Amino acid sequence: MRIAVVIEDPPPHADRDGAVRLRRFAREFADRDHDVTVYCTGWWDDHERRIEREGVVYEAVTVAPARTSFLARIPALLARDRPDAVVVSPSPPGAAVAASVGGALARAPVVCDWFGDEPGPADPRRRRLAARAPTLVVTPSELGRTRVRELGVPAADTAVVPQSVDYPLVESTPPRERDGPEAVYARRLDADANLGSFLLALAELRRREDWSATVIGDGPERADYETQAAELGIADRVAFVGDLDREARVATYRAADAFVQTARREQFAEELLWALSAGCVGVVEYQTDSSAHELLEGHDRGIRVTESEALDDALVDAWAIPHRDLAEPMRAYDHAAVAGDYIGLFRERGVDAR
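Residues 28 to 381 (our numbering) are what the sequence shown spells out, left to right.
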């Protein structure tokens with residue numbers, strides 16, 4: 028199958044989660060022996076219009092950021108190459124419209140991967156047009172799906188394909204040494220982190236002497252949170268370790284008992300997914316603008332709370348659950364498995380996805 032991926036700002040132009048996700052899908056599609064071409068702003072140094080990296084062909088629609096030219100050229104390029112299916116990022120919104128025109132010319136379904144972290148246009152009408160133009164809009168969560176439906180997209184024209192993890196990496200990464208019940212938090216420490224809820228819950232348990240906590244991540248609020256931990260009298264039991272690479276994070280998750288998710292905003296709680304895959308019990312504080320609670324649906328190692336005052340009891344309950352350092356059911360979230368779900372969407376839209 029010939030798959031076109033349209034993204035104006037792929038990595039290294041952008042490091043947002045939605046851009047990284049589309050690049051990963053392109054590689055996974057290629058690993059399944061599909062012919063994949065990414066139409067993008069050129070990011071390579073040589074003067075070739077097309078290059079190949081890891082089985083994926085990248086075509087420079089423009090050689091420098093030039094939005095008007097990029098949008099104008101996409102329909103003709105898709106009509107020329109006649110892919111069987113098109114996947115497009117709505118960054119900018121006009122790309123979804125341009126790809127939809129090109130898909131119509133090529134007689135190919137157009138799937139818009141709407142992650143939710145795309146820079147928003149000043150005119151909300153452009154977002155509505157971008158959401159309604161493609162054949163299908165895919166989001167990583169039901170929360171994102173709801174946001175898209177609020178833009179006027181019929182439910183039948185939406186689908187959820189979650190984020191994914193490298194499950195073989197989880198299996199092969201040795202757990203860090205264990206030393207009693209441990210809870211982990213991992214996220215950028217910004218205004219939406221809401222780490223204070225976790226710290227207050229730990230403070231309620233300060234009389235217990237057997238626990239420890241690890242905070243992974245950095246950001247503008249880190250110093251304030253470290254000060255809060257000191258004022259609560261738990262600084263000696265809460266380790267702020269800063270950013271860690273993926274292997275170090277997985278090793279920490281495999282050794283821990285619980286992963287705590289309290290952030291106010293989360294398009295998809297990716298670190299929670301990694302932690303669940305590593306056997307952690309997920310403790311999630313429900314937030315209106317976070318999809319984290321969705322990952323616990325149908326999962327037997329999860330505790331949801333609706334009020335931060337209940338977090339301390341939830342932690343005690345999580346620590347009482349037998350420790351695991353792997354969760355076999357989470358293999359369904361492996362990169363390859365989730366890419367297969369995406370291919371299934373093409374098949375549902377009438378594409379021969381052999």
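Just so it is clear, CB atoms sit at the ideal spot from N, CA and C, and this is done for glycine as well. Please read these numbers as outputs of a predicted model, since none were measured by experiment.
Taking C-beta separations shorter than 6 Å and ignoring five residues to either side along the sequence, Ala337 has no partners in its chain.
A buried status is given to Glu55, since no fewer than 16 other beta-carbon atoms sit within 10 Å of its beta-carbon. Under the DSSP assignment, Ala126 falls in the alpha helix (DSSP H) whose first and last residues are Pro120 to Ala133. Excluding its 5 nearest sequence neighbours in each direction, Ala282 has C-beta neighbours in its own chain below 8 Å: Pro202, Arg203, Glu204, Arg205, Glu209 and Asp352, listed in chain order. The C-beta distance from Gly309 to Gly329 rounds to 4 Å, short enough to meet the 8 Å contact threshold.
Linking Asp340 to Ala220 through their CA atoms gives a straight-line distance of about 21 Å. By a beta-carbon distance limit of 8 Å, Pro136 does not contact Ala103. Their separation comes to about 19 Å. Bridge pairing for Gly309: Phe286 and Gly329 [DSSP]. Collapsing the DSSP output to three states places Val188 in coil. In the three-state reduction of the DSSP assignment, Val277 falls in the helix class, which pools H, G and I. The beta carbon of Pro167 sits closer than 8 Å to the beta carbons of Arg48, Phe142, Gly143, Val187, Val188, Pro189, Gln190, Gln294, Phe295 and Ser318 from its chain, once the five residues preceding and following it are set aside; these are given in chain order.
Using a C-beta cut-off of 8 Å, the region 92-107 makes contact with the region 122-129, since at least three inter-stretch Cβ pairs fall below that distance. Non-local C-beta neighbours of His350 in its own chain, meaning closer than 8 Å and more than five positions away in sequence, comprise Arg205, Asp284 and Gly306, ordered along the chain. Listed as beta-bridge partners of Leu163 by DSSP are Val138. Residues Asp245 of the same chain have their beta carbon placed closer than 6 Å to that of Gly269, with the five preceding and five following residues left out of the count.
Less than 7 Å divides the Cβ of Ala240 from the Cβ of Leu229. Note on Asp36: 16 or more other CB atoms within 10 angstroms of its CB, so buried under the neighbour-count rule. Here Asp150 is exposed: its Cβ has fewer than 16 other Cβ atoms, across all protein chains shown, within 10 Å.
With fewer than 16 neighbouring CB atoms inside 10 Å of its own CB, Glu75 falls in the exposed class.
Exclusion of the five residues before and after Tyr252 leaves Leu216, Ala220, Leu222, Gly223, Leu226, Val242 and Phe267 as the residues of its chain whose Cβ lies within less than 8 Å of its Cβ.
Taking a C-beta distance under 7 Å as the contact criterion, Ala53 and Val90 do not qualify as a contact pair.
A straight-line Cα-Cα distance of about 48 Å links Leu178 and Asp263.
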